[in-house]
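S.K.: Taking the numbering used here, the leading residue of the sequence shown gets 1, the next gets one more, and so forth.
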Amino acid sequence: MKQLDALLINGVDVVADYNEDGGYTFELAAATTIEVVFGELTATLTYEVTGLGYIECWSEFDEETLEPAGTQYENGAALPINGNLYVYPYSTDVAIELLTLTINGEDFMSEIEEWGSAYYIVDGDVNIVA
1 MKQLDALLIN GVDVVADYNE DGGYTFELAA ATTIEVVFGE LTATLTYEVT
51 GLGYIECWSE FDEETLEPAG TQYENGAALP INGNLYVYPY STDVAIELLT
101 LTINGEDFMS EIEEWGSAYY IVDGDVNIVA
């Protein structure tokens, strides 16, 4: 799936006036050039961490070491729809343990306990609370 990034009519971008229900209408008065530019559909990543820890979000993991790999995503990052998201929690104090980790309200603590990370397929905006 792609998103419409630009709709150019004779070099003028009219994408802001485009309506998904009705499209874009213009009067054809002469030879006209139409250019359509599509980009990857994305979602937004947000996260909130309380306590003495932090999380890192990555696009991949190394299958041999189970360590983060690929692209690291910061809070507010654009994520590709249908892309992979690996969430790694870390504590700044060895005496502190992670109590909860949810992604879009779903509990991922069993994955954290088993694998040390949580895996999620991006299907829309992602909100993580830890």
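Every residue gets a Cβ at the ideal spot worked out from N, C-alpha and C, and that includes glycine. Given the structure is predicted, the values throughout are model-derived calculations rather than measurements.
Whose CA, out of I128, I9, T44 and D13, lies closest to the CA of E27?
M.R.: Answer by Cα proximity: I9.
S.K.: Provide the residue span of the beta strand (DSSP E) that contains S59, from first to last.
M.R.: G53 to F61 is the span of the beta strand (DSSP E), which, as asked, contains S59.
S.K.: Do the segment 38-46 and the segment 97-115 make contact, defined as three or more Cβ pairs closer than 8 Å?
M.R.: The answer is no - the segment 97-115 does not touch the segment 38-46, with fewer than three Cβ pairs under 8 Å.
S.K.: Out of curiosity, what's the CA-to-CA distance linking A31 and N19?
M.R.: Taking the straight line from one Cα to the other gives about 24 Å.
S.K.: Which class does D5 belong to by DSSP, given the choice of helix, strand or coil?
M.R.: D5: strand per DSSP, three-state reduction.
S.K.: Which residue from Y24, D123 and I81 puts its Cα closest to that of V12?
M.R.: Residue Y24 is the option with its Cα nearest to V12.
S.K.: Where does I112 sit, in a helix, a strand or coil, going by DSSP?
M.R.: Helix, per DSSP.
S.K.: Compute the Euclidean distance between the alpha carbons of G39 and A69, then round it to the nearest angstrom.
M.R.: Those two C-alpha atoms are separated by around 24 Å.
S.K.: Please list the segments of the beta strand (DSSP E) lying wholly inside the segment 69-114, counting only runs of 3 or more residues, in order along the chain.
M.R.: Entirely contained in the segment 69-114, the beta strand (DSSP E) runs reaching 3 residues are, in chain order, 78-80 and 84-91.
S.K.: How many angstroms separate the CA atom of G76 from the CA atom of I34?
M.R.: Their backbone Cα atoms lie some 33 Å apart in a straight line.
S.K.: Compute the Euclidean distance between the alpha carbons of I81 and D123, then round it to the nearest angstrom.
M.R.: Cα-Cα distance, rounded: 5 Å.
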